[in-house]
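Undergrad: Here the sequence shown is numbered in UniProt numbering, starting from 1 and rising by one per residue. Even for Gly, the Cβ is constructed at its ideal location relative to N, Cα and C. All values reported here derive from a predicted model rather than from experimental measurement. Please read through the structure below; I'll follow up with questions.
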Amino acid sequence: MTMRQAAAEEKAKVQSIVGDKFGLITGDIERVRNEGTIEDALKVGQSVPDFTLPDAFGAQTSIKTLLAKGPVVIMFYRGEWCPFCNIEMHAMQKALPQMQEFGATLVAISPEKPDHGIVMAEKNKLTFPVLSDYDNKVARQFGIVFQMSRELTDFVRDTFKNDIGLRNGLDSRELPVPATYVVDSAGVIRFARVEVDFMVGRAEPDEVVAALQAFALK
Numbered sequence: 001m002t003m004r005q006a007a008a009e010e011k012a013k014v015q016s017i018v019g020d021k022f023g024l025i026t027g028d029i030e031r032v033r034n035e036g037t038i039e040d041a042l043k044v045g046q047s048v049p050d051f052t053l054p055d056a057f058g059a060q061t062s063i064k065t066l067l068a069k070g071p072v073v074i075m076f077y078r079g080e081w082c083p084f085c086n087i088e089m090h091a092m093q094k095a096l097p098q099m100q101e102f103g104a105t106l107v108a109i110s111p112e113k114p115d116h117g118i119v120m121a122e123k124n125k126l127t128f129p130v131l132s133d134y135d136n137k138v139a140r141q142f143g144i145v146f147q148m149s150r151e152l153t154d155f156v157r158d159t160f161k162n163d164i165g166l167r168n169g170l171d172s173r174e175l176p177v178p179a180t181y182v183v184d185s186a187g188v189i190r191f192a193r194v195e196v197d198f199m200v201g202r203a204e205p206d207e208v209v210a211a212l213q214a215f216a217l218k
């Protein structure tokens, strides 16, 4: 099963659980899209910003250090609470050996506190770093931060017992739009997939591997 197929099944499951309230989710997605949230997101040909973030265990991870080893695949996800993010993490972990064949490092970034990163890593048996981006500072540099509506935030908290502010350690409704970047060792973006609809459209692992292969062969 592809990641896209698994996400489609999860979407149907969520819709069956929330019923008519599913419109709250799709409506907020369209609001974010219509507001032009990702118009200024970093694109192919641009350089990634310099950043250093803590991993799930507190160790600092620098993009400069990672790029010194080779290309880097950067994934922004909403949080451990998001089932679609977990599907993506599991799929990327399976494809990690293929990425490593091209000397690439994979990192995942979310605004959640490190302890939730530990849960994400353990649940999906991840062997790549899960980084904590407090207040979406790095995601903001990538131009992919949006704010959930108050109504949807309350619905998610009350229905799924998921308090985003508590998880992120900040009284905020801001999250990163799911995004995947493939960056060459010079820090230049060679592939970018940024999609407001968190339920569909995420980069498939084979697309990421193909992007790495494309510039490795040049």
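To the nearest angstrom, how far is it from the Cα of residue 96 to the Cα of residue 211?
TA: 14 Å
Undergrad: Between residue 153 and residue 174, what straight-line distance do the alpha-carbon atoms span, to the nearest angstrom?
TA: 10 Å
Undergrad: Thinking C-beta only, is residue 183 closer than 8 Å to residue 44?
TA: It is not a contact, given that the beta carbons lie outside the stated cut-off.
Undergrad: Can you pull the DSSP bridge partners for residue 186?
TA: In DSSP, residue 186 forms no bridge with anything.
Undergrad: What runs of the alpha helix (DSSP H), each 4 residues or longer, lie entirely inside the stretch 115-161?
TA: List check, alpha helix (DSSP H) in window: 137-142, 150-160.
Undergrad: Which full runs of the beta strand (DSSP E) of 3+ residues lie inside the stretch 70-109, going along the chain?
TA: Counting whole runs of 3 or more residues, the stretch 70-109 contains the beta strand (DSSP E) stretches 72-76.
Undergrad: Does the structure place the stretch 106-115 close enough to the stretch 131-150 that three or more beta carbon pairs sit under 8 Å?
TA: Contact between the stretch 131-150 and the stretch 106-115 is present, because at least three Cβ pairs lie under 8 Å.
Undergrad: Less than 8 Å between the beta carbons of residue 78 and residue 204, yes or no?
TA: Contact flag unset, no.
Undergrad: Going straight from the alpha carbon of residue 219 to that of residue 118, what length do you get?
TA: Because the chain spans 1 through 218 in this model, residue 219 falls outside it and cannot be assessed.
Undergrad: Contact between the stretch 125-143 and the stretch 195-204 is defined here as three or more beta-carbon pairs at a separation below 8 Å; is this criterion met?
TA: no
Undergrad: Go to residue 26, then tell me how far its beta strand (DSSP E) extends in each direction, as first and last residue.
TA: Run containing residue 26: none in the beta strand (DSSP E); it sits in the alpha helix (DSSP H), 22-34.
Undergrad: Determine the burial state of residue 57: buried for a count of at least 16 other Cβ atoms within 10 Å of its Cβ, exposed for fewer.
TA: exposed
Undergrad: What residues in its chain sit with their C-beta under 8 Å from that of residue 55, if we drop five residues either side in the sequence?
TA: For residue 55, same chain residues with a beta-carbon under 8 Å away, outside a window of 5 residues either side, are 61, 114, 117, 129, 130, 131, 132 in chain order.
Undergrad: Relative to the C-alpha of residue 127, which residue among 70, 158, 12, 91 is closest?
TA: With distances taken between Cα atoms, residue 127 lies closest to 91.
Undergrad: Please return the same chain residues whose Cβ sits closer than 6 Å to the Cβ of residue 149, not counting the five positions on each side in sequence.
TA: 28
Undergrad: What number of angstroms, rounded off, separates the C-alpha of residue 180 from the C-alpha of residue 41?
TA: 11 Å
Undergrad: Measure the CB-CB distance between residue 93 and residue 124 and report whether it falls below 8 Å.
TA: yes
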